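Engineer:
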Amino acid sequence: MQAIQERWLPVWDRLAPFASGRPDDPRPKKYVLDMFPYPSGDLHMGHAEAYALGDVIARYWVQQGYNVMHPIGWDAFGLPAENAAIKRGAAPAAWTYENIEQQKSSMRRYACSFDWDRVMNTCDPEYYRWNQWFFLQMYKRGLAYRKDSAVNWCPTCQTVLANEQVVGGLCERCDSVVTKKKLTQWYLRITDYADRLLDDMQQLEGNWPDKVLLMQRNWIGKSTGAEVQFAVSGRAEPVTVYTTRPDTLFGATFFVVAADSDLAAELAAGTPAEADFAAYLDTVKQFSEMDRLDSSRDKSGVFLHRYATNPVNGEQLPIWASDYVLADYGTGAIMAVPAHDQRDLDFARAFDLPVRMVVEGGEDPLLTGVATADDGPHINSGELNGLDKADAIAAILEILAERGTGKAATNYRLRDWLISRQRYWGTPIPIIHCATCGEVPVPEDQLPVVLPPADSLDLTPKGTSPLGAADGWAVVPCPKCGQPARRDADTMDTFVDSSWYYLRYVNPRDDAQAFAPELANQWLPVDQYVGGVTHAILHLLYSRFFTKVLFDMGLVDFTEPFTRLLNQGMVVMDGSAMSKSRGNLVRLSDELLEHGVDAVRLTMVFAGPPEDDVDWADVSPSGSKRFLARAWRLSGDVTSPVGADFETGDLALRKATHRAVHDAQLAVETYRFNVAVARTMELVNVTRKAIDSGAGPADPAVREAAEAVAVMLSLVAPYTAEDMWQRLGHQPCVALAGWPVVDSALLVEESVTCIVQVAGKVKDRLEVAPNIGADQLEALALAQQSVIAALEGRGVRSVIVKAPKLVNIVPE
RNA sequence: GUCCCCGUAGUCCAACUGGCAGAGACACCCGGCUUAAACCCGGCACAGUGUGGGUUCAAAUCCCACCGGGGACACCA
């Protein structure tokens, strides 16, 4: 096996079967993309699976005659490089490039069908200068801005995080409990694109996993309702609340403002509640994001000794401050309708506040403790009485509009994307802060703003960017006024890098632009994207956002970057994720050494549906190896010459071959790669029999079958397939041999087994012509001795005929 | 708690719009090869589709309930 690997690698290097850059290539294009790896150490089992699957698709389309672009690169910025630098003293760049070289060489040995002319790394200044360029374009368009806000802070990573990087209150990288910190940070205005991110998902329906679309929908979290203004005692301006149930306005019995909002502090000031409020706010601030998410926690709050006036009935509603209302959603204030909102009801019951039902139906929530959310005729609601929910909402919106105290409104859960990071190994933000001129963008002709070398810096996390301490780098003249000014010391979230890398592949060494629009429009959108479901929200949402911005800039003519998405499962061991600490780590290098590249790839592909996890304890790489040897042996047994006329070959074997090719093709196109492998195994088995005890090794059909096996196998086991191809008398590369053309005449069976049932039970089998007529088949079935016996003299009520496969006779 | 997906031989998995439950593989067992074992080759066998109802001439497939597993959402007003 090792010998075969050594033999073919140089040949493939020379022939470069997967180069996709020829401008005069007449083949139609396909873009197959694997999510690019982070270079932390060598490739592992997970990479092996992902790239084996992506390769099946890429190699299949090449066999089908497409000019397939299947590029690879490295998502090379990020914390692990920096942590390695701190721990071992290696410079982040050196550590990163070393790992990239190692992964690259492993991928080459793993025979990934990448176009090696297109390789690029996001940590190269030639790449990240375009991050900076995009940032400036967004800045110009008002899509990049700085604001002071309470942000997510990971105390371990010592940096801020985007909302998307906080999972269940924990940092998605290191699982530390995330805290809040008030900081001025850079944001990208992804919320401007919320509706388009939502609406354009229609294009992806059926081509992306439903699960991913659902997660994105949930994340964007669009809700429709109304904004209603409440006059507040002792305050000139009314306070606006957001509600999805304006129809329950008459059921509002109190009013709540987010404890950590500016409004709460303002309302509490100068009231008897001021001290209580201050104490409460202190306790609220103790809570981590984790605690806050615990919805089983008892409701807490402070009455602010103030009142809000219900605009529809003039009622005075007591204003409370509580942490169950979020400062940064809606307006940070709500009208509480305890009868029809569970959270409000919990609060009302905790503090003995009144509950008034305004929608008929169900029991009194005050007694049951369960708020009713059902539709029904409205009661206790003035003009809304008798109306159902939809009508009541329409009516109340009209009433509020008339009085100028409210209007329809939409809200999103999605927040703007916080991209500043207080770490070193990332893209510097191309802004200069000048005491006189304020924020000044770095002029585009001065890009890239290159990272200063790490060796002169202290990378230890201190909560502020290490770049700020690099005076020689940070202090520059202001581009506007020339006075000394300071560079922005933060670096960008590495998800910025991966939000557009799929565009860079079209001409990765272009130093005049991020990508050539005409090439991008020619190659993109990506026809097939392959990667893990861990990026269901983060990377995929950001990439979709970037694509839409680029569309608006007129740089691309499509609005969605990835037409089809396949989420491969994970490789696990004994039912759980592999990890060193769990002691169930399987090393890819060991497996490759023991079984060979082809067997490992085949095992990954054959293990089951690609979306499912592969449990390495359940699969058999040695079985894969055995099969490959069996297949390979076929190539040595064929004695007919190259170019033998298949048409003269054994018909039964020819049919089996064409059937197998046809079925495998169908299976590959529907992601059922394991089934495609099974069809190949089947063909190997019948070919073996044909050689040993059938048509014999000289029959041209045996050659046809063996060649088909080689081509089918080339998607999964490139070394074995190439070697077979040569032994069959061909020149390399089998990867370019072309998918066998299926002769549909050979798919037609000359006879079909027809099942004859009586009352649904199988009573007989008939060999019939595939084109037999229904009447003829029915007559034939009814004439069978077995049928007559089964009927036991009963009459026939009806006969269901599905020619040519089935007849079911229903007795009286 | 709500919603979604999945339960098929000892194991991993197949089964086109409902139409013979088995394509493929692992393990086991039995043969062959071998002085013997391993490797290798050949072969047999193994479930009636989580449970209980329903629809249908016919259900792994459709519907309902429950059990088990996985996932998404879960103070977003």
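Numbering (the numbering used here), first residue to last: 21 to 832. Note that beta-carbon positions come from the ideal geometry of N, C-alpha and C, so glycine has one too. Since the model is a prediction, treat every value here as computed from it, not as a measurement.
Checking the sheet assignment: what are the DSSP bridge partners for phenylalanine 274?
Structural biologist: On the first sequence, position 254 is the one that residue 274 refers to. Paired residues: Ala356.
Engineer: Note down, in chain order, each residue of its chain lying with its Cβ closer than 6 Å to the Cβ of lysine 200, except the 5 sequence neighbours on either side.
Structural biologist: For the purposes of this step, residue 200 is taken as residue 180 along the first sequence, with counting starting at 1. Ala170, listed in sequence order.
Engineer: Please confirm whether lysine 783 and alanine 823 have their CB atoms less than 7 Å apart.
Structural biologist: Position 763 of the first sequence, counted from the first residue, corresponds to residue 783. Position 803 of the first sequence, counted from the first residue, corresponds to residue 823. Not closer than 7 Å, so no.
Engineer: In chain order, what residues of the same chain have a beta carbon less than 8 Å from the beta carbon of aspartate 280, not counting five sequence neighbours either side?
Structural biologist: Here residue 280 corresponds to residue number 260 of the first sequence, with the count starting at 1. Ala170, Leu301, Val304, Lys305, Asp343 and Ala347.
Engineer: Alpha helix (DSSP H) containing glutamate 286: first to last residue?
Structural biologist: For this step, residue 286 is matched to residue 266 along the first sequence. Taken as a continuous stretch (DSSP letters only), the alpha helix (DSSP H) holding glutamate 286 covers 282 to 288.
Engineer: Indicate whether leucine 612 and valine 620 have their beta-carbon atoms separated by less than 7 Å.
Structural biologist: For the purposes of this step, residue 612 is taken as residue 592 along the first sequence, with counting starting at 1. For the purposes of this step, residue 620 is taken as residue 600 along the first sequence, with counting starting at 1. In this structure, valine 620 lies closer than 7 Å to leucine 612 by Cβ.
Engineer: Decide yes or no for the touch test of the region 762 to 781 against the region 793 to 812: beta carbon pairs closer than 8 Å, at least 3 of them.
Structural biologist: Touching, yes.
Engineer: Run through DSSP, which three-state label would tryptophan 94 get?
Structural biologist: In the first sequence, residue 94 corresponds to position 74, counting from 1. Three-state result, tryptophan 94: strand.
Engineer: Using 7 Å as the threshold, is the C-beta distance between valine 88 and valine 139 below it?
Structural biologist: In the first sequence, counting from the first residue as 1, residue 88 sits at position 68. In the first sequence, counting from the first residue as 1, residue 139 sits at position 119. For valine 88 and valine 139, no; Cβs fall outside 7 Å.
Engineer: Determine the burial state of alanine 164: buried for a count of at least 16 other Cβ atoms within 10 Å of its Cβ, exposed for fewer.
Structural biologist: Here residue 164 corresponds to residue number 144 of the first sequence, with the count starting at 1. It counts as buried.
Engineer: Looking only at its chain, what residues have a beta carbon closer than 7 Å to the beta carbon of glutamine 336, apart from the 5 residues adjacent to it on each side?
Structural biologist: As a first step, residue 336 is located in the first sequence; it is residue number 316 there, counting from the start. Only Tyr327 and Thr329 meet the Cβ criterion.
Engineer: With DSSP as the reference, label valine 736 as helix, strand or coil.
Structural biologist: By 1-based counting over the first sequence, the position of residue 736 is 716. Coil at valine 736, not helix or strand.
Engineer: In whole angstroms, give me the CA-to-CA distance for proline 481 and cysteine 191.
Structural biologist: The residue given as residue 481 occupies position 461 in the first sequence. The residue given as residue 191 occupies position 171 in the first sequence. Straight-line Cα distance between these residues: approximately 16 Å.
Engineer: List the residues that DSSP assigns as beta-bridge partners of glycine 426.
Structural biologist: Residue numbering aside, residue 426 sits at position 406 when the first sequence is read from its first letter. Bridge partners of glycine 426: Val248.
Engineer: Among the candidates Pro461, Trp445, Tyr444 and Gly446, whose CA atom is the shortest distance from the CA of isoleucine 452?
Structural biologist: By one-based count along the first sequence, residue 452 stands at place 432. Comparing Cα positions, the closest option is Pro461.
Engineer: Excluding five sequence neighbours on each side, which residues of the same chain lie with their C-beta closer than 6 Å to the C-beta of leucine 365?
Structural biologist: Numbered from its first residue, the first sequence carries residue 365 at position 345. Here the set comprises Pro358, Pro385 and Ala391.
Engineer: Just the Cα atoms here: how many angstroms apart are glutamate 383 and alanine 556?
Structural biologist: In the first sequence, residue 383 corresponds to position 363, counting from 1. In the first sequence, residue 556 corresponds to position 536, counting from 1. Taking the straight line from one Cα to the other gives about 41 Å.
Engineer: Suppose you measure from the CA of aspartate 475 to the CA of serine 644; what does that come to, to the nearest Å?
Structural biologist: Here residue 475 is taken as the residue at index 455 of the first sequence, counted from 1. Here residue 644 is taken as the residue at index 624 of the first sequence, counted from 1. For aspartate 475 and serine 644, the distance between alpha carbons rounds to 49 Å.
Engineer: Going by the beta-carbon positions, is the gap between alanine 728 and proline 760 smaller than 7 Å?
Structural biologist: As a first step, residue 728 must be located in the first sequence, where it is residue number 708. As a first step, residue 760 must be located in the first sequence, where it is residue number 740. In this structure, proline 760 lies closer than 7 Å to alanine 728 by Cβ.
Engineer: Are the region 168 to 186 and the region 282 to 291 touching by the rule of at least three beta carbon pairs closer than 8 Å?
Structural biologist: Contact fails: fewer than three Cβ-Cβ distances are below 8 Å.
Engineer: Here's the rule: buried if 16 or more other CB atoms are within 10 angstroms of the residue's CB, otherwise exposed. What is valine 20?
Structural biologist: With the chain covering only 21 through 832, there is no way to say anything about residue 20.
Engineer: Going by beta-carbon coordinates alone, are glycine 402 and leucine 313 separated by less than 7 Å?
Structural biologist: Taking the first residue of the first sequence as 1, we reach residue 402 at position 382. Taking the first residue of the first sequence as 1, we reach residue 313 at position 293. No, the pair does not count as a contact, with Cβ atoms beyond the cut-off.
Engineer: By DSSP, does threonine 211 sit in helix, in strand, or in coil?
Structural biologist: In the first sequence, residue 211 corresponds to position 191, counting from 1. DSSP places threonine 211 in helix when its eight states are reduced to three.
Engineer: Please return the same chain residues whose Cβ sits closer than 8 Å to the Cβ of phenylalanine 565, not counting the five positions on each side in sequence.
Structural biologist: On the first sequence, position 545 is the one that residue 565 refers to. Answer for phenylalanine 565: Leu208, Ile210, Tyr213, Leu217, Trp437 and Ser519, listed in chain order.
Engineer: Distance check for asparagine 694 and leucine 108, CA to CA, integer angstroms please.
Structural biologist: Taking the first residue of the first sequence as position 1, residue 108 is located at position 88. Taking the first residue of the first sequence as position 1, residue 694 is located at position 674. It should be noted that the sequence gives arginine, not leucine, for residue 108. Approximately 43 Å, taken between the alpha carbons.
Engineer: Whole angstroms is fine: what's the gap from threonine 264's alpha carbon to isoleucine 416's?
Structural biologist: The residue you call residue 264 lines up with position 244 of the first sequence. The residue you call residue 416 lines up with position 396 of the first sequence. Using only the alpha carbons, I get a separation of about 12 Å.
Engineer: Thinking just about the alpha-carbon of each residue, which of Lys242, Val754, Met355 and Met732 is nearest to the one in arginine 433?
Structural biologist: Taking the first sequence and counting its residues from 1, the one referred to as residue 433 is at position 413. That would be Lys242, whose Cα lies nearest to the Cα of arginine 433.
Engineer: Going by DSSP, which residues form a beta bridge with histidine 67?
Structural biologist: As a position in the first sequence, residue 67 is number 47, starting the count at 1. Paired residues: none, contrary to the question.
Engineer: I'd like the list of long-range same chain contacts for methionine 221, defined as Cβ closer than 6 Å, with 5 residues on each side in sequence excluded.
Structural biologist: Here the question's residue 221 lines up with position 201 in the first sequence. For methionine 221, where only same-chain residues beyond five positions count, the Cβ hits under 6 Å are Leu233.
Engineer: Determine, using beta carbons only, whether leucine 654 and alanine 726 come nearer to each other than 7 Å.
Structural biologist: Numbered from its first residue, the first sequence carries residue 654 at position 634. Numbered from its first residue, the first sequence carries residue 726 at position 706. Result yes, Cβ atoms of leucine 654 and alanine 726 sit closer than 7 Å.
Engineer: Identify, in the order they occur along the chain, each residue of the same chain with its Cβ nearer than 8 Å to the Cβ of arginine 817, setting aside the five sequence neighbours on each side.
Structural biologist: Translated into positions along the first sequence, residue 817 becomes position 797. Only Val830, Pro831 and Glu832 meet the Cβ criterion.
Engineer: Give me the residue from Gly61, Cys454 and Leu671 with the minimum Cα distance to aspartate 719.
Structural biologist: Position 699 of the first sequence, counted from the first residue, corresponds to residue 719. Cα-wise, what sits closest to aspartate 719 is Leu671.
Engineer: Who are phenylalanine 323's beta bridge partners in DSSP?
Structural biologist: Translated into positions along the first sequence, residue 323 becomes position 303. BP columns for phenylalanine 323 point to Trp340.
Engineer: Taking the beta carbon of glutamine 542 as the centre, do at least 16 other beta carbons fall within 10 Å, making it buried, or is it exposed?
Structural biologist: In the first sequence, the residue the question calls residue 542 occupies position 522. Flag for glutamine 542 reads exposed.
Engineer: So which of Ile413, Thr707 and Ser642 has the shortest CA-CA distance to phenylalanine 270?
Structural biologist: As a first step, residue 270 is located in the first sequence; it is residue number 250 there, counting from the start. Comparing Cα-Cα distances from phenylalanine 270 to each of Ile413, Thr707 and Ser642, the minimum goes to Ile413.
Engineer: By a C-beta neighbour count over all protein chains shown, 10 Å radius and 16 as the cutoff for buried, is arginine 833 buried or exposed?
Structural biologist: The shown model of the chain, from 21 to 832, leaves out residue 833, and the question about it has no answer.
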